[in-house]
Amino acid sequence: MVDASTGHQTMHTHLIGSDEPDAPIVVALHGLTGHGKRWQFLAADHLPEVRMIAPDLLGHGSSSWEPPWAIADQVAALSEVIDAHVPAGRRAVVVAHSYGGAVAIRLAHARPDVVSGLVLLDPAQGLDPATAREYAESSLAHWGYPDAAAAAAAKRMEGWENVPPHMLDAEIAEHLAPTDSGTAWRVSAPGAAVAWSEMARPFTLPPADLPTHVVVADRVQPAFVRPDFLTACAEERGSSVTVHHVDTEHMVPFLAPDVTARLVRDLIAQI
């Protein structure tokens, strides 16, 4: 685990998987309220041959909780991570979940020298502003839990019901921290509110001609992957963007890891 910093902001990075110098490189971006170590199960069980660079986004885990927290700030810090961990001349596939998908698209525009393709798992951007406000206000109103059991129960109600129990146990062990009134996820509450605001901005398309897989979790209602985004991808990006549907809730990296690994390998083969 290594830190990379931009200005006063430090991004903590988990280095997972193969140590072979020629191993394929995958940059993995978690979603809102997540952390980089979540990707350990996908790496160990489905992509053992890759070198996975999995940072905690700003405001999450062991990364800086100091503002600003906008997507542009996430991208600036991620660019530092790339410079620190991707050897010169090498390229990397980016796999990203939820809010991480919105960040990944902007990262691809900022670093075309490194990003060779995108796997976007139920990416969240271009959300209805009223819905984003509702989610932000609800999360802030219910921030924190009396104990770990209550935190686990809340996760199961938030799309984790079918996530394997050992993965939820690992989430509790890694990402839950004591507070004065009980316990809470290691996430900046104001930073999370900013992320909901960022996801309400108009969507951004992947760079033209960049191989991109978009995975839609069909059980999520209202959908995070908005129909107008999919229409724009079809009309403006053509065959470079492929859309896939999975019959799961939102936690696609845990619920459809075989699909995720297959799509990552597809893009690795195109480097």
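With UniProt numbering as the guide, the letters of the sequence shown map in order to residues 1 to 271.
Heads up, the beta-carbon is just placed ideally off N, CA and C, and yes, glycines get one too.
Take residue 37, set aside five residues on each side of it, and the residues of its chain with a beta-carbon closer than 6 Å to its own are 14, 174, in chain order.
Annotation: residue 32 to residue 22 spans about 31 Å, alpha carbon to alpha carbon. By the criterion of a C-beta distance shorter than 6 Å, residue 60 is surrounded in its chain by 35, 187, once the five residues flanking it on both sides are discounted. Between residue 220 and the set 64, 258, 247, the nearest pair of CA atoms involves 247.
Here the alpha carbon of residue 30 sits roughly 26 Å from the alpha carbon of residue 234. Between the stretch 65-81 and the stretch 95-104 there are three or more inter-stretch CB-CB distances shorter than 8 Å, so the stretches are counted as touching. Looking from the CA of residue 58, the closest CA among 66, 113, 51 belongs to 66. In the DSSP assignment, residue 46 falls within the unbroken alpha helix (DSSP H) covering 40-46. As computed with DSSP, residue 176 is found in a beta bridge with 185. Pairing residue 95 with residue 150 gives a Cβ-Cβ distance that is not under 8 Å. Around the beta-carbon of residue 270, fewer than 16 other beta-carbon atoms lie within 10 Å, marking it exposed.
Across the set 268, 223, 107, the C-alpha of 223 shows the shortest separation from the C-alpha of residue 128. Shown here for residue 202: same chain residues with a beta carbon closer than 7 Å to its own, the five before and five after excluded, namely 126 in chain order.
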